[in-house]
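**Student:**
In my numbering, the protein residues as written are 1 to 525.
1) Give the secondary structure of residue 472 by DSSP, where H, G and I count as helix, E and B as strand, and everything else as coil.
2) Just curious, the beta strand (DSSP E) that residue 91 is in, first and last residue?
3) Quick one: residues in its chain with C-beta nearer than 8 Å to the C-beta of residue 351, no 5 flanking neighbours on either side, listed in chain order?
4) For residue 205 versus residue 478, is the C-beta spacing smaller than 9 Å?
5) Assign residue 311 to one of three DSSP states: helix, strand, or coil.
6) Do three or more CB pairs link the stretch 494 to 510 to the stretch 301 to 315 at distances below 8 Å?
7) In terms of residue numbering, what span does the alpha helix (DSSP H) encompassing residue 355 cover?
8) Who are the near neighbours of residue 492 in its chain, counting only those whose CB is closer than 7 Å to its CB and skipping five residues on each side?
9) Taking only the alpha-carbon atoms, compute the straight-line gap between residue 296 and residue 69 and give it to the nearest angstrom.
10) What is the rounded straight-line gap between the Cα of residue 379 and the Cα of residue 290?
11) Over the uninterrupted beta strand (DSSP E) stretch that includes residue 411, give me the two end residues.
12) Take the Cβ of residue 403 as the centre, count every other Cβ of all protein chains shown within 10 Å, and call the residue buried at 16 or more, exposed below.
13) For residue 402, which residues does DSSP report across the bridge?
14) In three-state DSSP terms, what is residue 114?
15) In whole angstroms, give me the CA-to-CA distance for residue 455 and residue 62.
16) Identify which residue in 213, 425, 164 has its Cα closest to the Cα of residue 94.
17) Does the separation of the CB atoms of residue 293 and residue 202 fall below 9 Å?
18) Can you tell me which residues form a DSSP beta bridge with residue 463?
19) Using only CA atoms, which one of 270, 72, 98, 108 lies nearest to residue 195?
20) Taking the alpha helix (DSSP H) that residue 445 belongs to, which residues open and close that run?
21) I'd like the list of long-range same chain contacts for residue 409, defined as Cβ closer than 8 Å, with 5 residues on each side in sequence excluded.
22) Please go through the same chain and pick out, in chain order, the residues whose beta-carbon is closer than 6 Å to the beta-carbon of residue 166, but skip the five residues on each side of it.
23) Taking residue 143 and residue 107 to be in contact with their CB atoms under 8 Å, please state how far apart those CB atoms are, rounded to whole angstroms.
24) How close, in whole Å, do the beta carbons of residue 113 and residue 134 come, if the pair is a contact with beta carbons under 8 Å?
25) Would you call the stretch 168 to 175 and the stretch 84 to 98 touching, i.e. three or more CB-CB distances under 8 Å?
26) Looking only at its own chain, which residues have a Cβ that is under 6 Å from the Cβ of residue 178, when we skip the five neighbours before and after it?
27) Consult DSSP for residue 164 and reduce its assignment to one of helix, strand or coil.
28) Roughly how many angstroms lie between the CA atoms of residue 148 and residue 119, to the nearest whole one?
29) Apply the 10 Å Cβ neighbour rule to residue 473 and answer buried if 16 or more other Cβ atoms are within range, or exposed otherwise.
30) Give the DSSP-derived three-state secondary structure of residue 2 in the structure shown.
31) What's the gap between the Cα of residue 27 and the Cα of residue 199?
32) Using only the alpha-carbon positions, how far apart do residue 74 and residue 313 sit?
33) Between which two residues does the beta strand (DSSP E) carrying residue 203 extend?
34) Measure the CB-CB distance between residue 522 and residue 435 and report whether it falls below 9 Å.
35) Under a Cβ-count criterion, where at least 16 other Cβ atoms within 10 Å of its own Cβ denotes burial, should residue 494 be classed as buried or exposed?
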């Protein structure tokens with residue numbers, strides 16, 4: 001997506017005072033939201049400005065809800081867990097199971113049946129336990145299971161500490177008679193986690209007075225910049241209507257005056273769209289789940305949970321500053337141990353400048369300690385062409401990837417907003433960087449693998465929106481934003497001498513499966 005600025009001298013005098021309407025008729029403005037998301041959520045390789053807008057709306061990772069709805073619900077299947085928790089011991093000797101003794105325990109699983117074989121906490125150096133009859137409800141809680149040691153040696157037993165409460169038995173296998181068998185073991189099905197979220201509206205607008213519009217019309221006809229501008233979002237604009245931008249779906253041609261495709265937006269619309277995208281970005285980062293009633297309109301307003309609230313339901317790891325590369329590797333690989341459907345183990349770690357420096361040092365330390373490091377490779381330095389010396393060299397930052405055990409690959413992505421002290425104001429003592437600059441976000445451990453009503457992709461991170469609630473329009477009375485005042489005896493809907501442009505949209509961050517996101521968060525005491 002490219003943003004090409006078009007000025008009056010590039011258009012030519014034939015556009016005159018009709019420049020806005022001439023370009024306004026360019027192809028479909030109904031998809032302007034997606035085009036604006038691409039324009040103002042730019043990707044630089046793995047790096048992205050307005051990260052969540054870039055990862056969702058700009059890539060088509062959206063959930064479109066039916067008109068008028070403010071809630072979206074979905075279900076996520078949970079994997080079957082073979083573990084069975086021990087709640088209590090009813091009977092067991094000093095050497096549980098020796099000599100064919102029956103062990104009686106209280107467990108939390110109702111599906112356990114005769115002839116199942118269960119592992120204990122000492123799996124590699126203790127025998128399994130055979131279920132001798134179907135479980136029965138316990139008088140207090142849980143289910144009573146009767147067990148025998150699965151071992152041909154009558155002296156075999158399991159240690160008492162392996163079957164103490166809060167330990168786990170594991171549904172390992174089954175053992176049934178070799179002939180005339182009518183028994184079968186039970187089966188544990190995975191459950192479902194139900195989620196509900198919402199989304200809200202964001203709105204921005206600008207008003208112009210009749211004096212400004214008269215100056216603007218005169219400037220448009222003369223092909224020069226207006227003498228008077230307007231302040232908006234902290235910047236002063238000199239031209240609002242007759243100068244603007246063309247959003248192109250691809251790269252622009254050699255001649256910038258050729259605008260055969262794309263969508264024209266005025267200067268002020270561009271500023272509004274840029275601000276609306278920032279509104280969405282910040283709402284998807286910092287929003288907290290909320291439903292309330294607006295005291296003026298007496299209607300409901302809703303806000304979806306943002307990233308910082310969502311991620312606390314995922315692999316959320318706060319730390320006081322003792323995080324290491326080995327810790328990150330260990331925690332992330334532990335997730336893969338319990339998950340079978342992650343064939344592509346490439347994890348993108350999103351961080352700010354502070355964490356990038358630490359990351360580079362970690363990898364440098366790993367590399368320098370390796371006996372296989374090639375000292376004179378391009379990892380260390382490279383030739384640089386300069387006017388000062390034929391053999392100039394460059395050296396320094398930065399390592400952007402690391403290959404860990406079992407095929408896990410960490411890729412580093414820079415998130416510029418983590419360094420933005422306008423939004424993240426708390427600094428790390430002794431530095432000029434925000435605490436957030438030292439935090440790591442993981443948006444996705446893998447595709448969602450679940451179906452959400454209205455979803456346009458299988459991404460785990462999506463934006464939920466109501467497309468029918470998107471509004472983008474001009475409001476005018478006596479003064480038209482381009483042609484000026486009505487002076488031919490025509491009619492107007494109202495006598496207002498102001499002109500306005502408004503943009504309203506909806507958005508909310510939706511994380512399909514919170515178990516597939518993560519964060520390593522530095523916490524300053």
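Idealized CB from N, CA, C, for every residue including glycine.
**Tutor:** Let's see:
1) Three-state result, residue 472: strand.
2) First-last of the beta strand (DSSP E) with residue 91: 83 to 91.
3) Result list for residue 351: 359, 412, 413, 414, 415, 418, 437, 438, 439, 440, 441, in chain order.
4) Inclusion of residue 205 and residue 478 in the CB contact set at 9 Å is not warranted, their separation being larger than that value.
5) Assigned with DSSP and collapsed to three states, residue 311 falls in helix.
6) Three or more Cβ pairs closer than 8 Å define a contact, and the stretch 494 to 510 meets that threshold against the stretch 301 to 315.
7) Taken as a continuous stretch (DSSP letters only), the alpha helix (DSSP H) holding residue 355 covers 353 to 369.
8) So the list reads 477, 478, 486, once near-sequence residues are dropped.
9) C-alpha separation (whole angstroms): 21 Å.
10) Unreliable placement is indicated for residue 379, whose pLDDT of 49 sits below 50; no coordinate value is reported for it.
11) Segment 409 to 414, the beta strand (DSSP E) holding residue 411.
12) It counts as exposed.
13) 410.
14) Residue 114 falls in the coil class under three-state DSSP.
15) Going by the C-alpha atoms only, they are around 6 Å apart.
16) Looking at the Cα atoms, 164 is the closest of the given residues.
17) By the CB criterion at 9 Å, residue 293 and residue 202 fall outside the cutoff.
18) Per DSSP, 62, 509.
19) Residue 195 has its Cα closest to that of 72, out of 270, 72, 98, 108.
20) It is not in any alpha helix (DSSP H) - residue 445 carries neither H nor E in the DSSP assignment.
21) Short of 8 Å from the beta carbon of residue 409, and not among the five residues preceding or following it, lie these beta carbons of its own chain, in chain order: 345, 346, 347, 401, 402, 403.
22) Only residues of its own chain outside the window of five on either side were considered, and among them none has a CB closer than 6 Å to the CB of residue 166.
23) The Cβ separation is near 6 Å, so the contact holds.
24) The pair is a contact, with the Cβ atoms about 5 Å apart (cut-off 8 Å).
25) The stretch 168 to 175 makes contact with the stretch 84 to 98, as at least three CB pairs between them are under 8 Å.
26) Once the five neighbours on either side are set aside, residue 178 has no close Cβ partner at all.
27) Correct three-state label for residue 164: coil.
28) Those two C-alpha atoms are separated by around 12 Å.
29) Residue 473 counts as exposed, since fewer than 16 other C-beta atoms from the protein chains shown sit within 10 angstroms of its C-beta.
30) For residue 2, the predicted structure reports a pLDDT of 43, less than 50, and the residue's modelled location is therefore unreliable. A value from the coordinates is still provided. Residue 2 carries a strand assignment under DSSP once its states are collapsed to helix, strand and coil.
31) The predicted position of residue 27 is uncertain, since its pLDDT is 37 and thus under 50; a value taken from the coordinates is nonetheless stated next. Residue 27 and residue 199 have their C-alpha atoms spaced approximately 29 Å apart.
32) Distance from the CA atom of residue 74 to the CA atom of residue 313, rounded to whole angstroms, is 16 Å.
33) Run containing residue 203: 200 to 208, per the beta strand (DSSP E) assignment.
34) The answer is yes: Cβ separation under 9 Å.
35) A residue is called buried once 16 or more other Cβ atoms fall within 10 Å of its Cβ, and residue 494, having fewer, is exposed.
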